[in-house]
Amino acid sequence: MLIMIAAVAENNALGKNNELVWHLPNDFKRFKELTTGHHIIMGRKTFESFPKPLPNRTHIVITRQENYNPDGCIVVNSIEKAIAICPENEDSYIIGGGEIYNLGLQYTDIIEITKVHHTFEADAFFPKINESDWLLVESEENFKDEKHLYDYTYETYIKR
Numbered sequence: 001m002l003i004m005i006a007a008v009a010e011n012n013a014l015g016k017n018n019e020l021v022w023h024l025p026n027d028f029k030r031f032k033e034l035t036t037g038h039h040i041i042m043g044r045k046t047f048e049s050f051p052k053p054l055p056n057r058t059h060i061v062i063t064r065q066e067n068y069n070p071d072g073c074i075v076v077n078s079i080e081k082a083i084a085i086c087p088e089n090e091d092s093y094i095i096g097g098g099e100i101y102n103l104g105l106q107y108t109d110i111i112e113i114t115k116v117h118h119t120f121e122a123d124a125f126f127p128k129i130n131e132s133d134w135l136l137v138e139s140e141e142n143f144k145d146e147k148h149l150y151d152y153t154y155e156t157y158i159k160r
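By the UniProt record's numbering, the letter at position 143 of the sequence shown is numbered 143, and the numbering carries on one by one without gaps.
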């Protein structure tokens, strides 16, 4: 299965200046639990936003830059080539950014969203989920606390 995973604000914001604009430790923990041991597909800017490659995951980086070859990564120049590398009988994840989400949406089977209940100024956005194409099958509310400044909801969508 190809699974898209993202934390998205009410206005579909993903981030600004190649950084998240919120801090939700439980969402980071969930992301780690879901993606560990799997192939993860991302754009170059998303990859470069990490201090180092994420442990125990196969990184597939999509870029138009020739000769881009970070250690420990598979580099391709299209979403189709990235998907082709992923094992067919295992879950693989598209993890961003905005352009890669737009390119990958048509190939995605499941969307795992953390909906951050706030709006933010941003320069990267998640594509609008068309409810005629996607069915919300699971929703789990979480409320702000001493470690989380915003309410947020985990949502799982499957392709209709």
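Cβ atoms here follow ideal geometry from the backbone N, Cα and C, with glycine treated the same way.
Below 8 Å on the Cβ atoms is my guess for residue 125 versus residue 20; work out the distance and round it to an integer in Å.
-> Incorrect: roughly 13 Å between the Cβ atoms, too far for contact.
Between the Cα of residue 148 and those of 111, 26 and 114, spot the shortest distance and give me the residue it belongs to.
-> 26
If you run the structure through DSSP and keep just helix, strand and coil, what is residue 97?
-> coil
For residue 8, which residues does DSSP report across the bridge?
-> 115
Going by CA-CA distance only, name the one from 4, 86, 83 and 153 that's closest to residue 143.
-> 153
Let me know if residue 1 comes out buried or exposed under the rule of 16 or more other beta-carbons within 10 Å of its beta-carbon.
-> exposed
Residue 83, enclosing beta strand (DSSP E) - first and last residue = Counting along the chain, residue 83 falls outside any beta strand (DSSP E), though it belongs to the alpha helix (DSSP H) covering 79-85.
Could you give the distance in angstroms between the alpha-carbon of residue 174 and the alpha-carbon of residue 55?
-> Residue numbering for the chain in the displayed model covers 1 to 160; residue 174 lies beyond these limits and cannot be assessed.
One or two residues paired with residue 158 in a DSSP bridge = 110 and 135
Per DSSP, which one or two residues make a beta bridge with residue 152?
-> 116 and 142
Among 47, 3 and 52, nearest to residue 62 - alpha-carbon criterion = 47
Grab me the residues of residue 45's own chain with a C-beta within less than 8 Å of its C-beta, minus the 5 sequence neighbours each way, in chain order.
-> 18 and 97
Could you pull out every unbroken beta strand (DSSP E) segment of at least 3 residues lying fully inside the stretch 7-52, listed in chain order?
-> 13-15 and 39-43
Between residue 108 and the rest of its own chain, which residues show a CB-CB distance below 6 Å, the 5 nearest in sequence each way excluded?
-> 2 and 4
Hey, quick one: how far does the beta strand (DSSP E) through residue 58 stretch, first residue to last?
-> 58-62
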